[in-house]
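Okay, so the sequence shown: first residue is 28 according to our numbering, each after it adds one. C-beta atoms are modelled at their ideal positions from N, C-alpha and C, and glycine is treated no differently. This report concerns only the one structure given below.
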Amino acid sequence: MKWTRDFGLTARMALTSFLLLIVYLIFLGILSALGFGFEFLLLIAAGMAFFQYFFSDKLVLWSTGTRIVEEDEYPELHRMVQRLAAEADLPMPRLGVMSSPVPNAFATGRSPSNAVVAVTDSIVRILNKDELEAVLAHELSHVKNRDMLTLTVASFLSMLAFLIMRNWLFIGLFGRRDNNGGALILVFIASILVWVVSTLLIRALSRYREFAADRGSAYMTKNPRALISALQKISGRMDYIPAEKKQEVEGANAFFIIPALSGNTLMELFSTHPPLEKRVAALEALEAEARGY
């Protein structure tokens with residue numbers, strides 16, 4: 028199965044990134060036109076982005092209770108990741124295992140040399156070798172595509188808009204003094220619009236990155252059917268997981284291969300992942316393409 032670029036998917040990601048850039052330029056233009064000195068909030072947003080980029084892997088591992096494991100603890104898992112990393116021309120990532128009844132996997136780290144690929148102990152039990160390999164290849168595709176860097180950069184000014192929206196009553200301390208009330212209201216409205224639109228665009232970009240990682244897994248393993256089976260098995264098992272157990276790991280849903288939604292969250296309205304049916308359809312199309320149909 029030879030790798031080829033999905034130009035449609037690439038075009039959608041490029042268009043989403045372009046629209047996000049336009050939204051951000053308009054937002055900065057409005058702030059500049061209103062004469063607001065937003066340097067302080069920009070500095071805070073930059074600090075948040077810096078923290079997210081350099082420490083998000085440690086935060087995710089800590090918040091999920093994931094521990095880094097050595098080769099002698101999970102020798103077969105290590106060999107599998109090592110083989111896939113070599114196939115993808117990536118350095119061997121650290122391997123983490125998370126104790127949870129929620130079958131899932133994720134990757135984190137700011138670059139391939141700092142990457143961590145993690146699985147829950149339950150996913151190791153319920154998936155067969157081919158399915159687990161396909162899931163690991165999906166996560167390594169995220170590493171190879173530098174998705175952490177992409178989404179951190181994409182969300183930078185969205186964080187600034189959110190900060191302004193949350194603290195708009197205090198913005199006057201940093202803005203101009205004449206006719207400040209009207210300008211504050213305009214900044215507040217602009218911040219709300221920018222945050223909502225940018226959040227939707229960032230989530231759309233995240234969904235496209237999931238499609239790209241699925242595609243990368245199919246090419247890496249040459250077995251898209253294995254990933255289809257794994258996704259369906261993981262999704263089916265979610266229905267039997269107690270809501271409180273899914274709530275324990277919901278904070279890491281943006282990283283997971285399948286989000287663990289408890290039904291008590293707005294994450295379902297702002298999904299970071301495409302619907303399972305669309306992911307399966309895309310993988311089936313790849314499989315048909317490989318067979319020459």
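Do residue i and residue j have their CB atoms nearer than 7 Å?
i: Ser244; j: Leu303; result: no
i: Asp241; j: Leu310; result: yes
i: Val124; j: Ala142; result: no
i: Leu47; j: Leu228; result: yes
i: Arg121; j: Ile95; result: yes
i: Pro301; j: Arg234; result: yes
i: Val50; j: Ser218; result: no
i: Thr248; j: Ala164; result: yes
i: Ser126; j: Val276; result: no
i: Ala188; j: Val221; result: yes
i: Val179; j: Arg230; result: The sequence given here places Thr at residue 179; Val does not occur at that position. For Thr179 and Arg230, no; Cβs fall outside 7 Å.
When burial is assigned at 16 or more other CB atoms within 10 Å of the CB, is residue i buried or exposed?
i: Ile212; result: exposed
i: Lys273; result: buried
i: Gly136; result: buried
i: Thr147; result: buried
i: Asp174; result: buried
i: Arg204; result: Residue confidence for Arg204 is low, a pLDDT of 47 falling below 50, so the modelled location carries little weight and cannot support an answer.
i: Leu52; result: exposed
i: Thr37; result: exposed
i: Glu295; result: Any reading at Glu295 must be qualified, since the residue scores a pLDDT of 48, below 50, and its modelled position is unreliable; the value itself is stated next. The residue in question, Glu295, is exposed, as its Cβ has fewer than 16 Cβ neighbours within 10 Å.
i: Pro251; result: buried
i: Phe283; result: buried
i: Glu166; result: buried
i: Ala308; result: exposed
i: Pro130; result: buried
i: Arg152; result: exposed
i: Glu103; result: exposed
i: Ala315; result: exposed
Could you tell me which residues DSSP pairs with residue i in its beta bridges?
i: Val143; result: Arg121, Thr135
i: Phe283; result: Phe133
i: Ile95; result: Gly123
Residue range of the alpha helix (DSSP H) that residue i falls in?
i: Arg318; result: Counting along the chain, Arg318 falls outside any alpha helix (DSSP H), and DSSP gives it neither H nor E.
i: Gly35; result: 34-60
i: Lys249; result: No alpha helix (DSSP H) contains Lys249, which DSSP labels as neither H nor E.
i: Val170; result: 156-171
i: Ile153; result: 148-153
i: Glu114; result: 102-114
Return yes when at least one heavy atom of the ligand GTP lies under 6 Å from the C-beta of residue i, else no.
i: Ala245; result: The ligand GTP is absent from the structure shown, which contains no ligands of any kind.
**Request:** Could you say if the segment 156-168 and the segment 250-267 meet the contact criterion of at least three C-beta pairs nearer than 8 Å?
**Result:** A contact is defined here as three or more CB-CB pairs under 8 Å, and the segment 156-168 meets this definition with respect to the segment 250-267.
**Message:** Measuring CB atoms only, is the segment 105-116 touching the segment 78-93, in the sense that at least three cross pairs come out at less than 8 Å?
**Reply:** No, they do not touch.
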